[in-house]
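Undergrad: For what it's worth, my numbering labels the leading residue of the sequence shown as 159, then goes sequentially.
Quick one: this structure, given as structure tokens, is what I'll be asking you about.
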Amino acid sequence: MVDAPGTPPRARPGVVTVSSWLLILVAVIQVLSLIVTLSTLGTIRDVLKDAYAGTSAEQAGDIAYAFSLGSSVLTLLLAVGLVVLALLNNRGKNASRITTWVLGGLLLCCTGGSLLSGVSGGFTGGGPTNGDLPSGEEIQRRLEDALPSWYGPVSLLLGLVALLALLAALILLALPKANEFFRKPKAAWEPPVPGAAYPAEPGYPQAPGYPQAPGYPATPGDPGQPAPGQPAPGQPAPGQPGQAGPSPESGERREGEPPSGS
Numbered sequence: 159m160v161d162a163p164g165t166p167p168r169a170r171p172g173v174v175t176v177s178s179w180l181l182i183l184v185a186v187i188q189v190l191s192l193i194v195t196l197s198t199l200g201t202i203r204d205v206l207k208d209a210y211a212g213t214s215a216e217q218a219g220d221i222a223y224a225f226s227l228g229s230s231v232l233t234l235l236l237a238v239g240l241v242v243l244a245l246l247n248n249r250g251k252n253a254s255r256i257t258t259w260v261l262g263g264l265l266l267c268c269t270g271g272s273l274l275s276g277v278s279g280g281f282t283g284g285g286p287t288n289g290d291l292p293s294g295e296e297i298q299r300r301l302e303d304a305l306p307s308w309y310g311p312v313s314l315l316l317g318l319v320a321l322l323a324l325l326a327a328l329i330l331l332a333l334p335k336a337n338e339f340f341r342k343p344k345a346a347w348e349p350p351v352p353g354a355a356y357p358a359e360p361g362y363p364q365a366p367g368y369p370q371a372p373g374y375p376a377t378p379g380d381p382g383q384p385a386p387g388q389p390a391p392g393q394p395a396p397g398q399p400g401q402a403g404p405s406p407e408s409g410e411r412r413e414g415e416p417p418s419g420s
């Protein structure tokens with residue numbers, strides 16, 4: 159989500175900041191739980207292999223070991239995803255908030271199920287014995303004897319804190335102040351300032367001028383040009399007053415005058 163141009167930056171409310179820190183706390187708890195699980199994974203596999211040795215489920219220990227490794231990778235990816243969502247929520251990304259609700263809801267179900275399973279006796283809960291397979295109570299007793307004494311209380315505490323922190327983070331993202339922060343702002347109309355000139359519209363480039371055609375020589379009879387034998391405009395006609403005749407010194411004789419010396 160990108161703010162409209164000209165809008166001031168929005169102030170992040172405290173509920174969004176607290177929610178993001180809670181999401182980061184849940185991610186840290188996920189990593190701690192992963193470390194605790196990996197530290198006891200070999201012991202759990204050995205206990206299951208001994209308990210199911212010689213039975214039809216002899217490979218149960220290896221299957222549980224591979225399943226735990228896959229779950230550990232998924233837990234690590236969830237932790238990274240929670241941190242990324244927390245950072246995007248701080249920036250007001252509504253899509254990340256929706257993703258947080260979806261992913262957080264699934265994680266709530268998984269964490270709550272794990273807590274209930276641990277309280278009720280673990281994933282091997284006391285079911286009836288099936289043929290040559292040991293009972294769930296027997297498997298649970300062997301695990302409690304092999305695992306460290308702190309494993310159960312630490313796992314339960316980490317799961318409970320993660321559950322409460324995640325639930326609080328999701329609730330904070332749904333409060334009215336958070337809704338205003340994640341809502342896309344509308345561009346506000348600003349009235350023009352009195353006396354301010356509006357920006358001029360961009361002008362179109364002028365077309366290049368064409369070169370003038372070369373002039374043609376004037377011909378007699380064209381408008382504005384004298385006819386042959388006619389004086390130019392503003393000049394007296396021949397023989398009219400003001401027209402100077404040939405001077406005696408020029409040697410020219412006038413019409414009707416006898417040649418000199420005759």
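By construction, the Cβ of each residue, glycine as well, lies at the ideal position given by its N, Cα and C atoms.
Beta-carbon separation of I297 and A209 under 9 angstroms?
TA: The residue given as residue 297 occupies position 139 in the sequence shown. The residue given as residue 209 occupies position 51 in the sequence shown. For I297 and A209, yes; Cβs fall inside 9 angstroms.
Undergrad: Which same chain residues end up closer than 7 angstroms to A304 when comparing Cβ atoms and leaving out the 5 residues on each side of it in sequence?
TA: Walking along the sequence shown from the start, residue 304 turns up at place 146. The residues are T201, V205.
Undergrad: Please state if the CB of A237 and the CB of L192 are separated by a distance shorter than 9 angstroms.
TA: Indexing the sequence shown from 1 puts residue 192 at position 34. Indexing the sequence shown from 1 puts residue 237 at position 79. Result yes, Cβ atoms of L192 and A237 sit closer than 9 angstroms.
Undergrad: Among the candidates S254, E338, A327, N248, whose CA atom is the shortest distance from the CA of L101?
TA: Beyond the ends of the chain as shown, which are 159 and 420, falls residue 101; an answer cannot be given.
Undergrad: Going by DSSP in three states, A224 sits in which element: helix, strand or coil?
TA: The count along the sequence shown starts at 1 and reaches residue 224 at position 66. Looking at A224 - three-state DSSP - the assignment turns out to be helix.
Undergrad: Grab the span of the alpha helix (DSSP H) containing Q188 for me, first residue to last.
TA: To locate residue 188, count along the sequence shown from 1; it is residue 30. Where Q188 is concerned, the enclosing alpha helix (DSSP H) stretches over 172-209.
Undergrad: Tell me the DSSP secondary structure of G317 in three-state form.
TA: Position 159 of the sequence shown, counted from the start, is the residue given in the question as residue 317. DSSP places G317 in helix when its eight states are reduced to three.
Undergrad: By a C-beta neighbour count over all protein chains shown, 10 Å radius and 16 as the cutoff for buried, is N247 buried or exposed?
TA: Along the sequence shown, read from residue 1 onward, the residue named residue 247 stands at position 89. With 16 or more Cβ atoms within 10 Å of its Cβ, N247 is classed as buried.
Undergrad: To the nearest angstrom, report how far apart V319 and S293 are at their CA atoms.
TA: Counting from one through the sequence shown, the residue named residue 319 turns up at place 161. Counting from one through the sequence shown, the residue named residue 293 turns up at place 135. Going by the C-alpha atoms only, they are around 32 angstroms apart.
Undergrad: Compute the beta-carbon to beta-carbon distance between G265 and L324, rounded to the nearest angstrom, for a pair I have assumed lies under 8 angstroms.
TA: Counted from its first residue, the sequence shown places residue 265 at position 107. Counted from its first residue, the sequence shown places residue 324 at position 166. Note on identity: in this sequence residue 265 is Leu, with Gly being the wrong assignment. The Cβ separation is near 6 angstroms, so the contact holds.
Undergrad: Beta carbon of L331, beta carbon of R255: below 9 angstroms?
TA: Residue 331 sits at position 173 when you count from the first residue of the sequence shown. Residue 255 sits at position 97 when you count from the first residue of the sequence shown. Yes, they are a contact pair.
Undergrad: For S214, which of helix, strand or coil comes out of DSSP?
TA: The sequence position of residue 214 within the sequence shown is 56, counting from 1. Coil.
Undergrad: What's the gap between the Cα of G285 and the Cα of S313?
TA: By one-based count along the sequence shown, residue 285 stands at place 127. By one-based count along the sequence shown, residue 313 stands at place 155. Confidence at G285 is low in this model, with a pLDDT of 46, below 50, so the placement of that residue is unreliable and no value is reported for it.
Undergrad: Can you round the beta-carbon distance between S272 and G310 to whole angstroms, since I take them to be within the 8 angstroms contact cut?
TA: As a first step, residue 272 must be located in the sequence shown, where it is residue number 114. As a first step, residue 310 must be located in the sequence shown, where it is residue number 152. Not really, about 12 angstroms apart at Cβ, beyond 8 angstroms.
Undergrad: Note down the Cα distance separating L333 from V173, rounded to an integer number of angstroms.
TA: Position 175 of the sequence shown, counted from the first residue, corresponds to residue 333. Position 15 of the sequence shown, counted from the first residue, corresponds to residue 173. So the alpha carbons of these two residues sit roughly 8 angstroms apart.
Undergrad: Could you compute how far the alpha carbon of L181 sits from the alpha carbon of L240?
TA: Position 23 of the sequence shown, counted from the start, is the residue given in the question as residue 181. Position 82 of the sequence shown, counted from the start, is the residue given in the question as residue 240. Approximately 6 angstroms between the Cα atoms of the pair.
Undergrad: Just to confirm the assignment, what range does the alpha helix (DSSP H) spanning K335 have?
TA: The count along the sequence shown starts at 1 and reaches residue 335 at position 177. It spans 334-340 - the alpha helix (DSSP H) in which K335 sits, taken as one unbroken run.
Undergrad: Rounded to the nearest angstrom, what separates L321 and G270 at their Cα positions?
TA: Along the sequence shown, read from residue 1 onward, the residue named residue 321 stands at position 163. Along the sequence shown, read from residue 1 onward, the residue named residue 270 stands at position 112. Cα to Cα, the separation comes out at about 7 angstroms.
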